[in-house]
Each structure stands twice: as C-alpha cells, then as structure tokens.
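Novice: Chains as they are written, first to last, in our numbering: chain C, 1 to 138; chain F, 139 to 318.
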C-alpha cells in the first residue's frame with residue numbers, strides 16, 4: 001500500500017455542515033441582535049435619583065457611625081498598676097513606717113502573712129551568724 | 139475598487155445602511171461560517187463567533203479607512219474573533235487551545251453537523267496536531283482555496299513565509315496519517 005500523499009488524493013473537504021435553513025434565517029437573527037444591542041436603554045425619569053444625593057447620604061451615614069463609635073469608646077479607663085508596681089512603690093518610694101503598717105494590718109492579714117512567709121532554721125542561723133552581738137543590740 | 143468604495147458609502151449612509159449591511163451579510167456569511175468553523179469546529183460556537191464578527195464589522199464601519207480590501211478586513215476580524223473565542227473557552231476549562239480542539243474533534247463523529255468519512259476525520263485530527271498559525275495557513279489554503287496574497291493580507295505574514303509554512307504543514311499531515 002502506497003503512502004498517503006495529499007496531492008495525490010482528490011480534494012478532501014472538511015465535512016462540516018450547517019443546519020437546514022441556517023443561512024436563510026441568519027441575517028434576520030443578526031439584525032435582531034443588532035437592534036437589541038444598539039438601542040439606547042430608556043431610564044424612566046421618576047426613578048432617577050441624582051447620584052450626588054445618594055453619595056451625600058452614604059457619607060452622612062458613615063460620619064454619623066464614626067462619631068457614635070468614637071464617643072462610646074472615649075471613656076478613658078485608667079490603667080490599674082499591677083501588684084509588682086505597687087510593691088515596688090511601697091518598698092522604695094512610699095513614706096510608710098512600721099507603725100503605719102501595723103495600723104493597717106488586721107489579725108487575719110497577719111495570720112495570712114505568717115503562712116506565706118516560711119523561714120527555715122537554716123536561714124535564721126545564717127542571719128545570726130552574719131550579725132554580731134552589737135548589731136543585734138541595735 | 140470603485141465598486142467597493144460605493145458599497146462602503148452605502149454602508150455608512152443611514153438611509154441605505156440596513157439594506158447594504160444585509161447584502162454584506164448575505165455575501166460573506168457562508169464563506170465566513172466555513173472559515174470560523176474550521177477553527178472552532180463546533181456549529182453552535184461557530185454561530186456565536188459569526189454573529190460577533192458581523193456585529194464587530196457593523197460597529198467599526200466608520201473606522202474602516204479602506205487601506206485594505208473589505209474582504210481582508212472582515213476575514214481578519216473573523217479570524218481574531220475565532221481565536222479569541224477558542225483561547226477564552228480553553229482558559230475557562232483550564233486546558234490549552236490544542237487540547238480544546240482535540241476534545242471537539244473527538245466528539246465530531248457523533249456530531250449531527252458533521253457528515254465526513256473516516257479520511258476526512260483523520261485529516262482533521264492530523265491538522266489539529268500542527269501549531270496554531272500553521273493550522274490557520276493550511277486550512278485557509280487547502281480547505282478554503284484562498285490565494286497566498288489574500289492569506290498574507292489577512293494574517294499579516296509574507297507570501298514566502300506562508301508558502302514555507304504550508305509545505306511544512308502538508309509534510310507533517312502526511313507523516314501523521316501514514317503513521318496512525
């Protein structure tokens with residue numbers, strides 16, 4: 001069997017066909033399409049709202065919402081200092097003496113402090129070892 | 139050329155525009171249908187592209203300066219519309235243009251609007267393996283019997299390049315058919 005050569009074959013047509021009466025109706029369909037696409041849209045006057053009015057209304061709503069939210073959040077809540085800051089102040093800056101402390105601590109406070117402050121015998125011995133008799137007499 | 143100038147004048151005159159445009163549609167609808175169908179394969183897609191082509195022609199009549207023949211200008215619009223359609227459809231389906239064409243050809247045998255035999259189908263499949271531009275050249279020369287000078291005006295490629303492209307296309311098609 002010889003090889004296929006395009007020039008040796010009778011002309012091969014694509015084989016595509018259009019539906020019956022396609023071309024007869026095509027022009028009418030096309031002109032209808034053109035009429036629909038080229039006709040300007042009619043906008044009824046009574047529905048027309050000026051664009052500037054809608055824009056102004058939108059801006060007013062946004063500004064109002066902004067003002068409302070700002071006022072609500074304005075109540076400044078003072079930051080409460082944490083325990084560490086209070087402690088630091090009492091120890092290094094406050095002008096508080098032992099008498100003042102005694103006046104402000106009740107028996108419950110003292111009982112709580114006794115439980116939380118754990119002093120070992122070793123710590124006491126070390127303290128006494130470091131201190132001379134004269135210091136202890138001060 | 140004088141006839142064409144007169145015809146263009148009729149197309150631009152609102153009084154004679156509708157009748158002149160219908161005449162244009164009547165003259166070009168069949169050859170453009172074949173041209174577009176060769177590219178997009180499917181009938182319904184061809185119908186869409188053909189309508190878009192004429193709508194574009196109508197809208198751009200004012201801008202047609204007559205520097206090229208009306209024939210070349212209309213064919214150029216049709217070719218671009220068909221290729222744009224293919225590219226857009228391929229993108230929507232996340233496939234390449236060639237894959238889309240292959241898919242269309244695979245369902246061609248069952249298509250009501252195709253009455254080709256096995257050899258015609260084989261030829262279509264062989265052509266679909268060519269690069270896009272080479273396919274166009276082959277289809278316009280072999281299926282549509284356009285002259286090289288006409289194809290040159292439509293595609294903007296030199297006659298020499300078109301001749302070379304066509305002969306390479308024929309060789310590839312023959313090799314494909316002989317090996318499949």
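Just so it is clear, CB atoms sit at the ideal spot from N, CA and C, and this is done for glycine as well.
Please decide whether residue 27 of chain C counts as near chain F, where near means a Cβ-Cβ distance under 7 Å.
Specialist: For the purposes of this step, residue 27 of chain C is taken as residue 27 along the first chain, with counting starting at 1. Yes - at least one Cβ of chain F is within 7 Å of the one on residue 27 of chain C.
Novice: For residue 16 of chain C, which of helix, strand or coil comes out of DSSP?
Specialist: Numbered from its first residue, the first chain carries residue 16 of chain C at position 16. Correct three-state label for residue 16 of chain C: strand.
Novice: Excluding the 5 residues flanking residue 135 of chain C on each side, which residues of the same chain have their C-beta closer than 8 Å to its C-beta?
Specialist: Numbered from its first residue, the first chain carries residue 135 of chain C at position 135. Only weak support is given to the placement of residue 135 of chain C: the predicted model assigns it a pLDDT of 48, under 50, and the question is left unresolved by the model.
Novice: Keeping to the same chain, check which residues put their C-beta closer than 6 Å to that of residue 213 of chain F; ignore five residues upstream and five downstream.
Specialist: The residue you call residue 213 of chain F lines up with position 75 of the second chain. Once the five neighbours on either side are set aside, the close Cβ partners of residue 213 of chain F are 292.
Novice: Can you tell which of F:263, F:224 and F:315 has its C-alpha closest to the C-alpha of residue 246 of chain F?
Specialist: Position 108 of the second chain, counted from the start, is the residue given in the question as residue 246 of chain F. The option with the nearest alpha carbon to residue 246 of chain F is F:263.
Novice: Give the DSSP bridge partners of residue 252 of chain F, in chain order.
Specialist: Position 114 of the second chain, counted from the start, is the residue given in the question as residue 252 of chain F. According to DSSP, which records beta bridges pairwise, residue 252 of chain F is partnered with C:16.
Novice: Just checking: is the beta-carbon of residue 64 of chain C within a distance shorter than 7 Å of some beta-carbon in chain F?
Specialist: Here residue 64 of chain C is taken as the residue at index 64 of the first chain, counted from 1. No - not a single Cβ of chain F is within 7 Å of the one on residue 64 of chain C.
Novice: For residue 211 of chain F, which option in F:303, F:318 and F:294 has the closest C-alpha, if you only look at C-alpha atoms?
Specialist: For the purposes of this step, residue 211 of chain F is taken as the residue at position 73 of the second chain. Looking at the Cα atoms, F:294 is the closest of the given residues.
Novice: For residue 5 of chain C, does the three-state DSSP call read helix, strand or coil?
Specialist: Within the first chain, numbered from 1, the residue matching residue 5 of chain C stands at position 5. The three-state reading of DSSP puts residue 5 of chain C in coil, since its state is none of H, G, I, E or B.
Novice: Grouping DSSP H, G and I as helix and E and B as strand, with all else coil, what is residue 135 of chain C?
Specialist: For this step, residue 135 of chain C is matched to residue 135 along the first chain. Unreliable placement is indicated for residue 135 of chain C, whose pLDDT of 48 sits below 50; the coordinate value is still reported in the next sentence. Residue 135 of chain C falls in the helix class under three-state DSSP.
Novice: Pick from F:201, F:147, F:217 and F:143: whose alpha carbon is nearest that of residue 171 of chain F?
Specialist: Within the second chain, numbered from 1, the residue matching residue 171 of chain F stands at position 33. Checked all of F:201, F:147, F:217 and F:143; the closest Cα to residue 171 of chain F is F:217.
Novice: Just list the alpha helix (DSSP H) runs in the segment 226-275 of chain F, keeping only unbroken ones of 4 residues or longer that don't cross its boundaries, in chain order.
Specialist: 235-244 and 256-265
Novice: For residue 179 of chain F and residue 62 of chain C, what's the separation of their Cα atoms in angstroms?
Specialist: Looking up residue 179 of chain F in the second chain gives position 41. Looking up residue 62 of chain C in the first chain gives position 62. Cα to Cα, the separation comes out at about 55 Å.
Novice: DSSP three-state call for residue 66 of chain C: helix, strand or coil?
Specialist: Here the question's residue 66 of chain C lines up with position 66 in the first chain. DSSP places residue 66 of chain C in helix when its eight states are reduced to three.
Novice: Measuring CB to CB, does residue 17 of chain C end up less than 7 Å from residue 173 of chain F?
Specialist: On the first chain, position 17 is the one that residue 17 of chain C refers to. On the second chain, position 35 is the one that residue 173 of chain F refers to. With a cutoff of 7 Å on beta-carbon distance, residue 17 of chain C and residue 173 of chain F are scored as not near each other.
Novice: Helix, strand or coil for residue 201 of chain F, going by three-state DSSP, please let me know.
Specialist: In the second chain, residue 201 of chain F corresponds to position 63, counting from 1. Coil at residue 201 of chain F, not helix or strand.
Novice: Please decide whether residue 3 of chain C counts as near chain F, where near means a Cβ-Cβ distance under 7 Å.
Specialist: Sequence index remark: in the first chain, residue 3 of chain C carries index 3 (1-based). With 7 Å as the cut-off, residue 3 of chain C counts as an interface residue toward chain F.
Novice: Determine the burial state of residue 51 of chain C: buried for a count of at least 16 other Cβ atoms within 10 Å of its Cβ, exposed for fewer.
Specialist: Taking the first chain and counting its residues from 1, the one referred to as residue 51 of chain C is at position 51. Counting Cβ neighbours within 10 Å, residue 51 of chain C comes out exposed, since fewer than 16 surround it.
Novice: Quick one: residues in its chain with C-beta nearer than 7 Å to the C-beta of residue 166 of chain F, no 5 flanking neighbours on either side, listed in chain order?
Specialist: The residue given as residue 166 of chain F occupies position 28 in the second chain. Answer for residue 166 of chain F: 212, listed in chain order.
Novice: Span of the alpha helix (DSSP H) holding residue 314 of chain F?
Specialist: In the second chain, the residue the question calls residue 314 of chain F occupies position 176. Segment 297-317, the alpha helix (DSSP H) holding residue 314 of chain F.
Novice: Beta-carbon separation of residue 162 of chain F and residue 199 of chain F under 7 Å?
Specialist: If you number the second chain from 1, residue 162 of chain F lands on position 24. If you number the second chain from 1, residue 199 of chain F lands on position 61. Against a cut-off of 7 Å, the Cβ pair of residue 199 of chain F and residue 162 of chain F comes out as no contact.
Novice: Residues in its own chain within less than 7 Å of residue 316 of chain F by CB, not counting five upstream and five downstream?
Specialist: In the second chain, counting from the first residue as 1, residue 316 of chain F sits at position 178. If we look at residue 316 of chain F and ignore the five residues flanking it on each side, it has no Cβ neighbours.
Novice: In its own chain, which residues sit with a C-beta less than 8 Å from the C-beta of residue 243 of chain F, not counting the 5 before and 5 after it?
Specialist: For the purposes of this step, residue 243 of chain F is identified with residue 105 of the second chain, where counting begins at 1. 179, 259, 262, 263 and 266, listed in sequence order.
Novice: Counting only C-beta atoms, is residue 14 of chain C closer than 7 Å to chain F at any point?
Specialist: Taking the first residue of the first chain as position 1, residue 14 of chain C is located at position 14. Chain F, which has a Cβ nearer than 7 Å to the Cβ of residue 14 of chain C, makes this yes.
Novice: To which residues of the same chain is residue 184 of chain F closer than 7 Å at the C-beta, ignoring the five residues directly before and after it?
Specialist: Within the second chain, residue 184 of chain F is the residue found at index 46, counting from 1. Here the set comprises 171, 174, 175 and 178.
Novice: Within 10 Å of its beta-carbon, does residue 14 of chain C have 16 or more other beta-carbons around it, so buried, or fewer, so exposed?
Specialist: Counted from its first residue, the first chain places residue 14 of chain C at position 14. Per the 10 Å Cβ criterion, buried.
Novice: By how many angstroms is the C-alpha of residue 55 of chain C removed from the C-alpha of residue 146 of chain F?
Specialist: Within the second chain, the letter at position 8 stands for residue 146 of chain F. Within the first chain, the letter at position 55 stands for residue 55 of chain C. Rounded to whole angstroms, residue 146 of chain F to residue 55 of chain C spans 47 Å at the Cα level.
Novice: Does DSSP put residue 32 of chain C in a helix, in a strand, or in coil?
Specialist: The residue you call residue 32 of chain C lines up with position 32 of the first chain. Correct three-state label for residue 32 of chain C: helix.
Novice: Between the C-alpha atoms of residue 26 of chain C and residue 181 of chain F, what's the straight-line distance to the nearest angstrom?
Specialist: Mapped onto the first chain, residue 26 of chain C falls at position 26. Mapped onto the second chain, residue 181 of chain F falls at position 43. Spanning the two alpha carbons is a distance of roughly 13 Å.
Novice: Assign residue 107 of chain C to buried or exposed, taking buried as 16 or more other Cβ atoms, counted over all protein chains shown, within 10 Å of its Cβ.
Specialist: Position 107 of the first chain, counted from the start, is the residue given in the question as residue 107 of chain C. Its Cβ having fewer than 16 others within 10 Å, residue 107 of chain C is exposed.
Novice: In whole angstroms, what is the alpha-carbon distance linking residue 201 of chain F and residue 6 of chain C?
Specialist: Taking the second chain and counting its residues from 1, one reaches residue 201 of chain F at position 63. Taking the first chain and counting its residues from 1, one reaches residue 6 of chain C at position 6. Taking the straight line from one Cα to the other gives about 42 Å.
Novice: Please classify residue 68 of chain C as buried or exposed, where buried requires at least 16 neighbouring CB atoms within 10 angstroms.
Specialist: As a working note, residue 68 of chain C is residue 68 in the first chain. Residue 68 of chain C comes out exposed.
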